[in-house]
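Residue numbers (mature numbering (1 follows the signal peptide of the UniProt record, and there is no 0)): -24 to -1, 1 to 264.
Just so you know, even glycine gets a beta-carbon here, dropped at the ideal spot from N, CA and C.
The structure displayed is predicted, hence computed values, not measured ones.
Input: a single structure, listed below in structure tokens.
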Amino acid sequence: MKQKALATIVLAAAALATGASAHAATWSDTFVGYRYGEKFTEPANHEDVQKHVLEFTHVSGYATGQNFLTLDVLQSDDKDPAHGSDNGATEFYLVYRHQFHLGKLLDRSLAFGPVKEVALTAGFDLNTKNTTFASRKRLLVVGPTLKFDVPGFLDVSLLAAREWNHCGLGAPACPRSDIVFDPQWILSAAWGIPFELGPLPLKFQGFANYVSEKGKDYSGTDTEPETLMRAALMLDVGRMVTGRKNTFFVGVGYEYWRNKFGNHENKAGRRKAGIDTDSPTLQMEWHF
């Protein structure tokens, strides 16, 4: 029930953000995406996990800033089972970021070198997953962003963050079921760079996060810094077939994750299974 309730909330938030930003937007891009991989991992799980991921993303800009909202619905195979079931788990993960473009707010240029604008970014992550662990991540972030002058976009941010989460395993694995982690920082880069290779219209896109340690986990074990990168090379099939650019893309991607969720060792000092991911992915996007 909690998962269904959160799904309703995040879908309503997506619709609200889309509608609200569309009223004053100077530009916008909304798409439904899909990606598939067979080498995903989960902490304490020795098996590779297949996942189908459905994505809804909306980005829009207005006179002095921009919005970014994305909702991933991740469906695992039975190697990552739902609680009390032989079926795979379902996860909902929502990310929202808002940027205030400081140069436009101050009515002065803050450009320097390759940087065209300086922004203040704030936002949150929400997640729920119906495994026995039953994560319920709540993450708040705020910090400066440098926006680089490149084709497409390249943003680099340094964000202060605080995470609240849940573990449903109980003792001894999780003596504390609910936890507030220590403050942490996140060095984040996001990009979408269009280019052409002969007759092929392509786009290199993705993000990379380096996340600092966040104190002790549910069992009292120290967390470690984690690194997550998702990158993809996408072909603008819509432009090649119909002449309409930026409508339908297909491509290949890669997910690289180290010390997933800050995991490193268990209480016995042994390195945990399933905390490093190297998964190729197949991807599609339909923009409208």
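| Item | Value |
| --- | --- |
| Alpha-carbon to alpha-carbon, residue 79 and residue 88 | 12 Å |
| Continuous beta strand (DSSP E) stretch holding residue 11: start and end | 3 to 16 |
| Rounded C-alpha distance that separates residue 17 from residue 234 | 11 Å |
| Three-pair Cβ contact test at 8 Å for the segment 134 to 149 versus the segment 219 to 234 | no |
| CB of residue 211 within 7 Å of CB of residue 227, strictly | yes |
| Collapsed DSSP secondary structure at residue -3 in the structure displayed | Reliability of the predicted coordinates at residue -3 is poor, the pLDDT of 47 falling under 50, and the value obtained from them is presented with this limitation in mind. Helix at residue -3. |
| Enclosing alpha helix (DSSP H) for residue 80 [first to last residue] | 78 to 82 |
| Limits of the beta strand (DSSP E) - the one that residue 214 falls within | Note, residue 214: premise wrong, no beta strand (DSSP E); alpha helix (DSSP H) at 213 to 218. |
| Sequence ranges, beta strand (DSSP E) only - wholly within the segment 94 to 153, length at least 3 | 114 to 124 and 129 to 142 |
| Collapsed DSSP secondary structure at residue 238 in the structure displayed | helix |
| For residue 70, three-class secondary structure by DSSP | strand |
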